[in-house]
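Per the numbering used here, the sequence shown starts with residue 116, numbered consecutively.
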Amino acid sequence: MENVLFEGEAVIRIHRDLEYALIALAHLSRVRGLVSSRELASSTGLPEARLRKILQRLGRAGVLRAVQGAHGGYVLERSLSELTIGEVARALDERVILPCGRDGCEVPEFCVMRPGVIDLVSLLEQHVYSLPLSRFIGGAYEFAR
Numbered sequence: 116m117e118n119v120l121f122e123g124e125a126v127i128r129i130h131r132d133l134e135y136a137l138i139a140l141a142h143l144s145r146v147r148g149l150v151s152s153r154e155l156a157s158s159t160g161l162p163e164a165r166l167r168k169i170l171q172r173l174g175r176a177g178v179l180r181a182v183q184g185a186h187g188g189y190v191l192e193r194s195l196s197e198l199t200i201g202e203v204a205r206a207l208d209e210r211v212i213l214p215c216g217r218d219g220c221e222v223p224e225f226c227v228m229r230p231g232v233i234d235l236v237s238l239l240e241q242h243v244y245s246l247p248l249s250r251f252i253g254g255a256y257e258f259a260r
């Protein structure tokens with residue numbers, strides 16, 4: 116369900132739908148013209164049905180432009196440097212930084228760090244959500260499977 120972005124004790128976790136969205140957006144940034152969900156799934160190795168739903172949500176949020184029809188497909192509305200991780204996460208209703216008290220907090224009702232952790236998470240979230248996708252994704256993905 117979630118992939119850890121950093122090894123060890125992770126603060127940032129990526130939900131699979133968000134990971135798939137980032138992979139799809141990275142691929143779309145490298146091609147010209149419309150790309151169908153089938154072509155995108157084939158070239159990235161992502162499951163087509165799930166990818167199609169993700170692309171539809173990104174289209175409704177204005178991250179992508181969707182063109183219907185036999186020769187339709189998806190195209191980025193803006194460059195990766197103009198889109199933020201926050202826009203993509205919000206389009207998918209996903210959080211990148213997990214809230215305090217989740218995953219292993221054994222005594223949340225007695226936690227003396229909770230107020231500080233909540234403030235820290237808020238600051239981290241503001242920073243991470245403002246990162247342009249070009250900085251977040253980088254050149255990490257290769258697509259010739």
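Just so it is clear, CB atoms sit at the ideal spot from N, CA and C, and this is done for glycine as well. Quick caveat, the model's predicted, so the values are computed rather than measured.
Less than 9 Å between the beta carbons of residue i and residue j, yes or no?
i	j	result
Leu173	Leu207	yes
Val163	Gly177	Reading off the sequence shown, one finds Glu at residue 163, where the question assumed Val. No, the pair does not count as a contact, with Cβ atoms beyond the cut-off.
Leu155	Tyr189	yes
Leu140	Ile129	no
Ile200	Val243	yes
Pro247	Leu179	no
His186	Leu239	no
Leu170	Thr159	no
Since residue i is in the beta strand (DSSP E), which residue starts that stretch and which ends it?
i	result
Leu239	Leu239 -> not in any beta strand (DSSP E); alpha helix (DSSP H) instead, spanning Arg229 to Ser245.
Leu170	No beta strand (DSSP E) holds Leu170; the alpha helix (DSSP H) holding it covers Glu163 to Arg175.
Ala181	Leu179 to Val182
Please classify residue i: does DSSP put it in a helix, a strand, or coil?
i	result
Val150	strand
Val190	strand
Arg205	helix
Ala185	coil
Ala125	Per-residue confidence for Ala125 stands at a pLDDT of 48, beneath the threshold of 50, marking its modelled position as unreliable; no derived number is given.
Going by DSSP, name the residue or residues bridged to residue i.
i	result
Thr199	Pro247
Starting from residue i, follow the alpha helix (DSSP H) in both directions and report where the run begins and ends.
i	result
Asp132	Arg131 to Leu143
At a Cβ threshold of 9 Å, is residue i touching chain C?
i	result
Gly174	Here chain C cannot be found, since the structure has a single protein chain.
With respect to 8 Å, is the separation between the Cβ of residue i and the closest non-hydrogen atom of the ligand FAD below this value?
i	result
Val178	Summarising the ligand content, the structure contains no ligands, and the ligand FAD is consequently not present.
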